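Notes follow the structure.
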Amino acid sequence: MGSLVWTVVIGFAAGLIARALKPGRDALGILMTSLLGIAGAFTATYIGRAFGWTAETGLSRFVAAVLGAVLLLSVFGLLKKK
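Using this note's numbering, you'd call the opening residue of the sequence shown number 39 and step up by one each time.
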């Protein structure tokens, strides 16, 4: 349960950082950005664990969460334009 809560907290922060890192205008609100960040954190965490790329905790998990959030924000932005 603690890992789940920690992933949500990391995802929230990763979503905000991803929004700042992603180039271009972003018309998403803070709630949607946070939700996509959390989804990116979950995705990156579980993919990273499955392939042995990230540890259970630490900087590698946070970096993976930010990258996952940037990816999801970019994909969502492309889909929203169409």
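For glycine and all other residues, C-beta sits at the position ideal for the given N, C-alpha and C. Source: prediction; values computed, not measured.
Compare the C-alpha of L42 against each of L97, L66, L117, A77 and name the closest.
It is A77 whose Cα lies nearest to the Cα of L42.
Taking DSSP as the reference, what is the three-state secondary structure of L105?
helix
First and last residue of the uninterrupted alpha helix (DSSP H) at G86
68 to 89
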